[in-house]
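Asker: Encoded as structure tokens, here's the structure I'll be asking about.
Number of protein chains: 2
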Amino acid sequence: MQRDDMILSAFFFNPQGDHRVSWRYPTAPGHEIYGLPYFQKLAEVAEAARFDAVFIADHVAMWDTFPSNVAHYANARLEPITLLSALAAVTRDIGLIGTVSASYSEPYNTARAFASLDHLSMGRAAWNVVTSGMNEEAMNFGRDGNIEHGYRYERAAEFLEIAKDLWDSWEDGAVLLDKATGFFAEPSKVHRIEHEGKHFKVRGPLNVPRPPQGYPVIVQAGSSGDGKNLAAKHADLHFAVVRTLEDGVSYRREMNALLASHGREPDSLKILPGILPIVAGSREEAQEKREFLETLVPERFGVDLVSSWCGTDVSHLPIDGPLPELPDESTYDGQRSNLARLKSFKQQNLSIREVARRLSNAGAVPMVAGRPQDIADEMEAWFKGGACDGFNLMFPVLPEDWLNFAEQVVPELQRRGIAQPSYRHGTLRDKLGLARPANRFAAS
Amino acid sequence: MQRDDMILSAFFFNPQGDHRVSWRYPTAPGHEIYGLPYFQKLAEVAEAARFDAVFIADHVAMWDTFPSNVAHYANARLEPITLLSALAAVTRDIGLIGTVSASYSEPYNTARAFASLDHLSMGRAAWNVVTSGMNEEAMNFGRDGNIEHGYRYERAAEFLEIAKDLWDSWEDGAVLLDKATGFFAEPSKVHRIEHEGKHFKVRGPLNVPRPPQGYPVIVQAGSSGDGKNLAAKHADLHFAVVRTLEDGVSYRREMNALLASHGREPDSLKILPGILPIVAGSREEAQEKREFLETLVPERFGVDLVSSWCGTDVSHLPIDGPLPELPDESTYDGQRSNLARLKSFKQQNLSIREVARRLSNAGAVPMVAGRPQDIADEMEAWFKGGACDGFNLMFPVLPEDWLNFAEQVVPELQRRGIAQPSYRHGTLRDKLGLARPANRFAAS
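For the protein sequence lines, the chains are R and L, in the order given. Heads up, the first sequence is in the numbering used here, so the first residue is 183 and it goes up one at a time. Heads up, the second sequence is in the numbering used here, so the first residue is 183 and it goes up one at a time.
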């Protein structure tokens, strides 16, 4: 299906922004991050700017490998599903993307929560399906350490198959509510799913009717081979880490081939690379803001950040010396893109201090900074150049960068005809140009 | 702590009301039960009447033992946590009681969801801790059949201990958010819980700060010995099944003894018996409404309802004949109060048809019906007679009975000075006269 302008998703994990110590920034919020009004304001700004979605990342643990993590990192925040459900009540059009781990929850509970959110929001729910790769997460769920990468993805794929079966277990039209005849449901349209797989056994049916969107929009954000395969098979939106326009074009080509192997059209998967947008009077001013943020990172916290990424304690090494030997892909249990980034730092001979500084600037995504027209130029070039279907906006500092982008960059994109001036009608799938999935149990 | 007027909790499982086929009632809602506005209206009416709480019951399965369940029973509904989170955004004072099973979810996820809901609602979250007793539920979570009663409660008690530890894992004041020093948290106030028990292993800490109420209000609704023990050890509110004022007085005495065995004061557990209130011009008119509801129960559905309760198929027995032999308490896996009720029916020599009729009228709680002053008389007698701290209002038909009660009975109770004319300030605990729990990890 067609969507002729770019998709814009406004992302956060920490509600103070994506920079590791954004919470220390002068205009960053304080204790209001634990209340609804702060997020309601962000959502209202996002909706006024016609953003397609608010996207909340998540971990099922706090990060406390090193004591400095506890002391200096914004380790406590609200849970995405409760927060998005509350936001559903005070918004009308914006998509609600919530992250839930397929490693440490039950398919029945997760399918139910998203079905219910989809009903409550009249078809605006989206599930970012992740696997949990932190040891801290594993230890909150009965394990001593992390689950191996391939196994996690295998389990996630089965989890998602079950969720789809459960969403289909009440066919469209199964709820009759016919007071005259006494038929609440049409029994032939309600199905036990009888799933028995390697990881799960789930009988069904779900106790929520089929969601308005059929399935909530499925989002996949991993860039490993396993992640890309999961996206190509199951996802509607894919958050990619892409450094350049050219990378984006070749990434699209690679994903199209994967999609074809699952019998899917390119249009059925929207690819949104992450960018780190900073509106400033000039690129130099934006760079100054980044450098100011770096001064806010406590030294020990920076070193421990490098240790976390490397999977080994580097605090005994000289801070101005090189990184230690890095694990290879088969033994590295974190995100593949993280390891690739470390390897590139090592090739560049960066010191631990320099790597700490880079890592404190959020993830591996490119900064797009400058005046509104500079940012719009770069986004337009990527979008028109076939590098993406839109962007996942990973603002370094909230609410400042979010507000600046909404109020200054979006009008420029709208003026150029590449960002939507108003919302389309219908569900989030309708708005994004995604088809409503057929039901697996329905007679064709 | 003192609370000198009665506590009123407005309950539902099916959003059409507690009668088994309330959905067929002429004024019952249709497909709007799958959208927020219907529930928002109920909550607004409840808040205008100064109800203390909205209480949503739950199962983690649909009930499909017999085909008639699927055809005739309102088997699909929204999920409580998402619904209550949405309601948190559009209400201000009312308590939000959500049911989550301690049998088929993870302590870390559940503790997080309630902590987050408590923050979002500014201290109005309450968790009705249940165990899951249906075979249908077990089969959605990897099992072939139900878990034994005592084992379920043992697991639930451990689950709740973990949740309390997790809520305490960030002490009050642990979040510093000190931009000047770079200390987000005070590390000495953030605790790993290092739980290793029979059923769970959870390291912690939680990644949500301590809830505004310390712990959300803990609700317990079972009337088995295991259930009462769990309530006496852990709960703040206890929903009881009590048939008469005298039963209520002796129930209170029994619970006080149990509370004392855990070192607790009577005031620390509020007991709310369930009642089934029907406002009508007279008791006769209320009785006519019940009888009309009974005519809406399809015969086969009624018979299957009896089979479900008995744990054995009675459909081959004469419908006007007696109940079969009943299981004893050691082999009965449902609610203890259900078995007691069946035994009483058997003693009265009721036929299967008559039992079906009784069972279709919701649970075992007494009907309190008649003019507003009749209902207020009975409630006043119970409350002033020491039979309860308030009531769990289990309306047969929604929204009608809920609205009638709010608009006609509450003003009468307020006139008599036994229902609150306005909300008290503070959290739900403050409003209910419940202490904020001390933190297990805090230095005293």
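Built from N, CA and C at the ideal position, the CB exists for glycine as well. Note that this is a predicted model, so its numbers are computed, not measured.
Cβ closer than 7 Å: which chain L residues qualify as neighbours of His301(R)?
Answerer: The answer, in chain order, is Tyr216, Gly217 and Leu260.
Asker: Whose C-beta lies closer than 6 Å to the C-beta of Met244(R) among residues of the same chain, with five residues either side of it excluded?
Answerer: Correct list, in chain order: Asn257.
Asker: Taking C-beta to C-beta, are Val242(L) and Tyr290(R) nearer than 8 Å?
Answerer: Yes.
Asker: Using 8 Å as the cut-off, can you tell me whether the segment 372-388 of chain R makes contact with the segment 321-328 of chain L, which would need three or more C-beta pairs spanning the two stretches below that distance?
Answerer: Segments in contact, yes.
Asker: How would you call His607(L), buried or exposed, if buried means at least 16 neighbouring beta carbons within 10 angstroms?
Answerer: Exposed, because fewer than 16 other Cβ atoms sit within 10 Å of the Cβ of His607(L).
Asker: Mind listing the chain L neighbours of Val399(R)? Cutoff is C-beta to C-beta under 7 Å, in chain order.
Answerer: Within chain L, no residue comes near Val399(R); the closest Cβ sits about 16 Å away, beyond 7 Å.
Asker: Please report whether the beta-carbon of Phe365(R) lies at a distance below 8 Å from any beta-carbon of chain L.
Answerer: Yes, Phe365(R) lies at the interface with chain L (some Cβ there is under 8 Å from its Cβ).
Asker: Any residues in the segment 316-349 of chain L with a beta carbon nearer than 7 Å to a beta carbon of chain R? Which ones, in chain order?
Answerer: Correct list: Met321, Asn322, Phe323 and Gly324.
Asker: Please give me, in chain order, every unbroken run of the beta strand (DSSP E) with length at least 3 that falls completely inside the segment 233-281 of chain L.
Answerer: Listed in chain order, the complete beta strand (DSSP E) runs (minimum 3 residues) inside the segment 233-281 of chain L are 235-238.
Asker: Pairs of beta-carbons, one from the segment 199-214 of chain R and one from the segment 573-593 of chain R, closer than 8 Å: are there three or more?
Answerer: Verdict: yes, contact present.
Asker: Kindly list, in the order they appear in chain R, the residues whose Cβ is closer than 9 Å to that of Lys452(L).
Answerer: Result: empty, since nearest Cβ-Cβ is about 25 Å, beyond 9 Å.
Asker: So what does Gly456(R) bridge to, in DSSP terms?
Answerer: Beta-bridge pairing links Gly456(R) to Asn574(R).
Asker: Give a yes or no on whether 8 Å exceeds the smallest Cβ distance from Tyr220(R) to chain L.
Answerer: Not closer than 8 Å to any Cβ of chain L, the Cβ of Tyr220(R) fails to qualify, so no.
Asker: If the criterion is Cβ atoms closer than 8 Å, does the pair Ala563(L) and Glu594(L) meet it?
Answerer: No, the Cβ-Cβ distance between Ala563(L) and Glu594(L) is not below 8 Å.
Asker: Please confirm if the segment 218-237 of chain L is in contact with the segment 270-281 of chain L, defined as three or more CB-CB distances below 8 Å between the two stretches.
Answerer: These segments touch.
Asker: Name the chain R residues that come within less than 7 Å of Ser267(L), Cβ to Cβ?
Answerer: Ordered by position in chain R, the residues that pass the 7 Å Cβ test against Ser267(L) are Thr264, Ser267 and Ala268.
Asker: Do Ala270(R) and Ala268(L) count as a contact pair if the criterion is CB distance below 8 Å?
Answerer: Yes, Cβ-Cβ distance for Ala268(L) and Ala270(R) is below 8 Å.
Asker: Take Phe195(L) and list the residues in its own chain whose beta-carbon comes closer than 6 Å to its own, dropping the five residues that flank it on each side.
Answerer: Cβ neighbours of Phe195(L) beyond the five flanking positions: Ala239.
Asker: Are Leu260(L) and Ser298(R) touching if we call contact CB-CB under 8 Å?
Answerer: Yes, the pair counts as a contact, with Cβ atoms nearer than the cut-off.
Asker: Measure from the alpha carbon of Pro548(R) to the alpha carbon of each residue in Arg274(R), Asn531(R), Gly430(R) and Arg618(R), then state which is nearest.
Answerer: The shortest C-alpha separation from Pro548(R) is found at Gly430(R).
Asker: From the DSSP output, in three-state form, read off Glu376(L) for me.
Answerer: Reduced to three states, the DSSP call for Glu376(L) is coil.
Asker: Note the first and the last residue of the continuous beta strand (DSSP E) segment covering Ile400(R).
Answerer: Ile400(R) -> beta strand (DSSP E) spans Val399 to Gln402.
Asker: Is the Cβ of Leu508(R) closer than 8 Å to any Cβ of chain L?
Answerer: Cβ-Cβ to chain L under 8 Å: no for Leu508(R).
Asker: Alpha carbon to alpha carbon, how far is His377(R) from His348(R)? Give it in angstroms, no decimals.
Answerer: Note on residue identity: the sequence assigns Leu, not His, to residue 348(R). So the alpha carbons of these two residues sit roughly 10 Å apart.
Asker: Tell me which same chain residues have a C-beta within less than 6 Å of the C-beta of Pro480(L), skipping the five on either side of it?
Answerer: Excluding residues within five positions, the ones whose Cβ falls inside 6 Å are His254.
Asker: Taking the alpha-carbon of Phe221(L) as reference, which of Phe193(L), Phe248(L) and Pro393(L) has the nearest alpha-carbon?
Answerer: Per the Cα distances, Phe193(L).
Asker: Would a check of beta-carbon distances place Val294(R) closer than 8 Å to chain L?
Answerer: Residue identity check: residue 294(R) is Arg in the sequence provided, not Val. Yes, its Cβ sits closer than 8 Å to a Cβ of chain L.
Asker: Assign Gly212(L) to one of two classes, buried (16 or more other C-beta atoms within 10 Å of its C-beta) or exposed (fewer than that).
Answerer: Gly212(L) comes out exposed.
Asker: Report all residues from its chain with a CB closer than 7 Å to the CB of Thr494(L); omit the five preceding and five following residues, and keep chain order.
Answerer: The answer, listed in chain order, is Pro506.
Asker: Among Pro249(R), Gly404(R) and Trp352(R), whose alpha-carbon lies nearest the alpha-carbon of Val252(L)?
Answerer: Residue Trp352(R) is the option with its Cα nearest to Val252(L).
Asker: Beta-carbon within less than 8 Å of Asp502(R)'s beta-carbon, same chain only, minus the 5 sequence neighbours each way: which residues are those?
Answerer: Answer for Asp502(R): Ser533, Ile534 and Arg535, listed in chain order.
Asker: Pairs of beta-carbons, one from the segment 299-318 of chain R and one from the segment 333-345 of chain L, closer than 8 Å: are there three or more?
Answerer: The segment 299-318 of chain R vs the segment 333-345 of chain L: no contact.
Asker: Just to confirm, are Ala338(L) and Thr313(L) a CB contact at a threshold of 8 Å?
Answerer: Cβ atoms of Ala338(L) and Thr313(L): closer than 8 Å.
Asker: Quick one: residues in its chain with C-beta nearer than 6 Å to the C-beta of Ser250(L), no 5 flanking neighbours on either side, listed in chain order?
Answerer: Within the same chain, Ser250(L) has close Cβ partners Arg482, Phe483 and Asp486.
Asker: Quickly, what does DSSP pair Ala192(L) with across the bridge? List them, please.
Answerer: BP columns for Ala192(L) point to Val236(L) and Leu575(L).
Asker: Quick check: what's the CA-CA separation for Arg374(R) versus Arg392(R)?
Answerer: Using only the alpha carbons, I get a separation of about 14 Å.
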